[in-house]
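Chemist: Structure provided below as structure tokens; questions to follow.
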Amino acid sequence: MTTPILGFHHVAIIASDYAKSKHFYTEILGAEIIEETYRAERQSYKLDLKFADGSQIELFSFPNPPTRPTTPEACGLPWHFG
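Numbering (full-length UniProt numbering), first residue to last: 1 to 82.
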């Protein structure tokens with residue numbers, strides 16, 4: 001018998017538009033900024049966010065982010081996390 005997942009610590013997301021994503025997670029969803037780091041060698045940001053329930057998101061930006069399929073399920077990915 002396998003052990004069920006009881007929760008998760010964080011989810012990592014690559015943002016196609018860092019400023020819009022930061023605004024969405026902080027101003028719309030109310031996430032708290034834990035730490036924001038600019039990584040000069042990668043020309044990218046890493047933003048650690050925390051929600052009221054303790055769950056976290058690592059938001060990454062890259063100069064040329066990978067393209068995203070129109071729908072996650074097109075690549076066999078889950079529709080959403082709940």
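Glycine included, each C-beta is placed from N, C-alpha and C at the ideal position.
All values derive from a computational prediction rather than experimental measurement.
Suppose you measure from the CA of F8 to the CA of I14; what does that come to, to the nearest Å?
Modeler: Taking the straight line from one Cα to the other gives about 18 Å.
Chemist: Tell me which same chain residues have a C-beta within less than 6 Å of the C-beta of S44, skipping the five on either side of it?
Modeler: Result list for S44: S61 and F62, in chain order.
Chemist: Taking the continuous beta strand (DSSP E) assigned at S16, which residues delimit it?
Modeler: Per DSSP, S16 belongs to no beta strand (DSSP E) and is neither H nor E.
Chemist: Just to confirm, are D48 and I33 a CB contact at a threshold of 9 Å?
Modeler: A contact, by the Cβ cut-off of 9 Å.
Chemist: Return the residue from the list A19, Y25 and R39 that minimises the CA-CA distance to F51.
Modeler: Out of A19, Y25 and R39, Y25 has the C-alpha closest to the C-alpha of F51.
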